[in-house]
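Terminal number for the sequence shown in our numbering: 290, no gaps in between. Heads up, the beta-carbon is just placed ideally off N, CA and C, and yes, glycines get one too. Working notes for the structure below.
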Amino acid sequence: MTKNITVIGATGMIGIPVTKELVKAGFAVTALVRNPEKAKSIFPEGVTFVKGDLDNKTSMAEALKNADGLYINISTRAEDKENQFNPETQGLDNIVEMAKQAPKLQQIVLLSSFLARNYQGNWWVFAAKKSSIERIKKSGIPYTIFYPSNFMENFTSEGMRRGNKINFIKASVNNKAWWIAGEDFGRNVANAFKTDKALNQEYPVQGQEALTMQEAAQKFANGYTKQQLSVGAFPLGIMKFMGIFMPSMKFVANLMNVMLSNVETFEAQKTWDELGKPQLTIETFAQQA
2 MTKNITVIGA TGMIGIPVTK ELVKAGFAVT ALVRNPEKAK SIFPEGVTFV
52 KGDLDNKTSM AEALKNADGL YINISTRAED KENQFNPETQ GLDNIVEMAK
102 QAPKLQQIVL LSSFLARNYQ GNWWVFAAKK SSIERIKKSG IPYTIFYPSN
152 FMENFTSEGM RRGNKINFIK ASVNNKAWWI AGEDFGRNVA NAFKTDKALN
202 QEYPVQGQEA LTMQEAAQKF ANGYTKQQLS VGAFPLGIMK FMGIFMPSMK
252 FVANLMNVML SNVETFEAQK TWDELGKPQL TIETFAQQA
């Protein structure tokens with residue numbers, strides 16, 4: 002029997018490739034979205050849409066009424082404030098509340114991050130992300146939690162891409178990360194819904210090669226075929242200064258501080274063995290981007 006999967010966050014940077022992989026895997030997918038017409042342009046077939054938001058429990062109940070599984074892809078945005086409604090605090094509480102009432106729900110899959118798993122700082126954004134892990138575990142519903150490394154999709158988003166230029170943040174520390182494509186991660190998510198082995202499990206998600214931000218940016222630029230791309234450095238010190246005046250810059254600077262304090266080691270062998278090894282390198286990702 003076909004499983005019904007509800008996706009929250011389907012139109013986000015990583016929600017899109019994950020949702021597409023769930024459809025490819027043969028699941029019946031329902032997505033809770035703010036704008037169904039916009040969502041239909043992204044997913045022309047294979048997805049049923051329910052209009053709603055994280056602060057609308059009625060719409061959430063509608064999206065979950067036939068769900069066997071739930072995939073959560075939410076994150077705090079640069080414009081969000083600590084003392085206001087936040088996707089990863091009040092939003093997640095609403096999700097868990099309605100998930101407990103969903104009559105068929107058997108599994109929650111949460112997208113977290115390598116950085117959140119062991120976070121020890123005092124930035125409220127990552128404190129919220131880390132606390133969401135524990136709230137999912139305590140929900141009483143079988144869970145699967147993913148901790149991905151850096152996503153290759155950053156090179157196609159406005160975060161690092163400006164026209165024909167890829168910008169990376171230049172800092173005194175050049176930690177390496179095992180960059181992963183959203184498509185490969187989407188296959189991991191689909192496989193997690195197919196096997197009981199993934200229930201109440203936590204999986205690091207990493208790609209085939211460890212690269213610094215500059216190395217990864219250069220590989221993407223070299224592999225991109227639609228136009229010639231250049232790679233430029235944006236000093237972290239300047240970003241921190243600009244953050245005094247621009248909330249978006251302050252958000253990215255804080256995120257970079259978290260990244261710089263994290264030394265990533267390879268941990269994904271279990272994920273590869275149980276849910277599939279990644280297929281895309283940065284070069285192959287760039288070629289199809």
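Query: Local conformation of Trp125 per DSSP, three classes; Result: helix
Query: With 16 other Cβ atoms within 10 Å as the buried cut-off, status of Val19; Result: buried
Query: Nearest residue (CA-CA) to Gly10, options Leu33, Glu22, Phe28; Result: Leu33
Query: Buried or exposed by the 16-neighbour rule on C-beta atoms within 10 Å, applied to Ala234; Result: exposed
Query: Under the three-state DSSP convention, the category Ser231 falls into; Result: strand
Query: Where Leu106 sits in the DSSP three-state scheme; Result: coil
Query: C-alpha distance - Glu1 paired with Gln229, whole-angstrom precision; Result: For the chain, the structure presents residues 2 to 290; residue 1 sits outside this window and is missing.
Query: Bridge partner(s) assigned by DSSP for Tyr204; Result: Phe147
Query: Proximity of Phe169 and Gln207 at Cβ, strictly below 7 Å; Result: no
Query: DSSP three-state assignment for Phe86, whether helix, strand or coil; Result: coil
Query: Short Cβ contact (7 Å threshold) for Arg188 with Gly277; Result: yes
Query: Distance CB(Lys177)-CB(Ala211) smaller than 7 Å; Result: yes
Query: Test item: CB-CB of Ala290 and Thr157 under 7 Å; Result: yes
Query: With 16 other Cβ atoms within 10 Å as the buried cut-off, status of Pro104; Result: exposed
Query: Proximity winner among Gly13, Ile109, Ser140, Asn67, relative to Glu154 (alpha-carbon distances); Result: Gly13
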